[in-house]
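K.L.:
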Amino acid sequence: MIISILNCDNKWGIGKRNGLLFSLPLDMKFFRETTKGHTVCMGENTLLSFPGSKPLKNRINIVLSQDPNHNYEGVINVHTFDDFLHEIKKSSLKDDVYIIGGASIYRQTLPYVDKVLLTKVHKDGGAEVFFVNLDDHPDFEIVESGPLIKDGEIDIQFTTYINKNKAEIK
């Protein structure tokens, strides 16, 4: 399966200044446990936002950089979106693949995902970058909606959306 995993605020915001909107230990734990041992796919800026700009441990990391001179250690480097999709498809034949950002990567891969694991954060994070409102998207349907839980001082809700009209990667 190909799965997008992310959190968004109550305006579908997902980031600002190449960073996360909130510090959410429960959501981070969910992300870590869900993606561990699997393939994660991201754009270059997402990789650079990690501590030391290092790939996530215990995962295969696929990174798209538009600059063919940018090659990072410990990752599968690709330089075109078509090559990125090819690597995603190849990996998804063996195991679950997680799309982890940033906004452009989420937007471009959305037609190809089987589902979206979305943590809804019930707060405005002052975002500069936004995700697609899946509640208004004709191809997506919410199939799981957990209870509101406190993550620190913030109410969050784990939800799952499925793509009813998934496009196949050629």
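In case it helps, the numbering used here puts the sequence shown at residues 179 to 348.
Glycine residues also receive a C-beta, built at the ideal position from the N, C-alpha and C atoms.
Because the structure is a prediction, the values reported are computed rather than measured.
1) Is it buried or exposed, MET179, if we count other Cβ atoms within 10 angstroms and call 16 or more buried?
2) Is it right to say ASP313 is buried, meaning 16 or more other beta carbons lie within 10 angstroms of its own, or is it exposed?
3) Buried or exposed, going by whether 16 or more other CB atoms sit within 10 Å of the CB of LEU271?
4) Compare the Cα-Cα distances from GLY303 to each of ASN247, ILE183 and ASN188 and report the closest residue.
5) Apart from the five residues on each side of it in sequence, which residues of its chain come closer than 8 Å, Cβ to Cβ, to PRO325?
6) Assuming ALA281 and VAL253 are in contact, meaning their beta carbons sit under 8 Å apart, how far apart are those beta carbons, in whole angstroms?
7) Run through the DSSP bridge pairs and tell me what THR217 is partnered with.
8) Rank GLY215, VAL275 and ASN311 by C-alpha distance to the C-alpha of ASN236 and give the top, closest one.
9) Provide the residue(s) that pair with LEU296 in DSSP beta bridges, ordered along the chain.
10) How is PHE228 classed by DSSP in three states: helix, strand or coil?
11) Return the first residue and the last residue of the alpha helix (DSSP H) that ILE347 is part of.
12) Tell me which residue opens and which closes the alpha helix (DSSP H) that PHE259 is part of.
P.N.:
Judging by the given coordinates:
1) Position 1 of the sequence shown, counting from 1, holds the residue named residue 179. It counts as exposed.
2) Along the sequence shown, read from residue 1 onward, the residue named residue 313 stands at position 135. Exposed, by the Cβ-count rule.
3) In the sequence shown, counting from the first residue as 1, residue 271 sits at position 93. Counting of Cβ neighbours within 10 angstroms places LEU271 among the exposed residues, the total staying below 16.
4) Sequence index remark: in the sequence shown, residue 303 carries index 125 (1-based). Nearest option by C-alpha distance: ASN188.
5) Taking the sequence shown and counting its residues from 1, one reaches residue 325 at position 147. GLN335, listed in sequence order.
6) Within the sequence shown, residue 281 is the residue found at index 103, counting from 1. Within the sequence shown, residue 253 is the residue found at index 75, counting from 1. Not a contact, Cβ separation roughly 20 Å.
7) Start at 1 with the first residue of the sequence shown, and residue 217 comes out as number 39. Partner residues in the beta bridge of THR217, as assigned by DSSP, are ILE238 and VAL275.
8) Numbered from 1 along the sequence shown, position 58 holds the residue referred to as residue 236. With respect to the C-alpha of ASN236, the residue from GLY215, VAL275 and ASN311 having the closest C-alpha is GLY215.
9) What you label residue 296 is simply residue 118 of the sequence shown in a count that begins at 1. Looking at the DSSP assignment, LEU296 forms a beta bridge with LEU184 and THR337.
10) The residue labelled residue 228 in the question sits at position 50 within the sequence shown. In the structure shown, PHE228 sits in coil (DSSP, three-state: anything other than H, G, I, E or B).
11) Taking the first residue of the sequence shown as position 1, residue 347 is located at position 169. If you look at ILE347, you'll find it isn't in any alpha helix (DSSP H); DSSP assigns it neither H nor E.
12) As a first step, residue 259 must be located in the sequence shown, where it is residue number 81. Here the alpha helix (DSSP H) through PHE259 covers 259 to 270.
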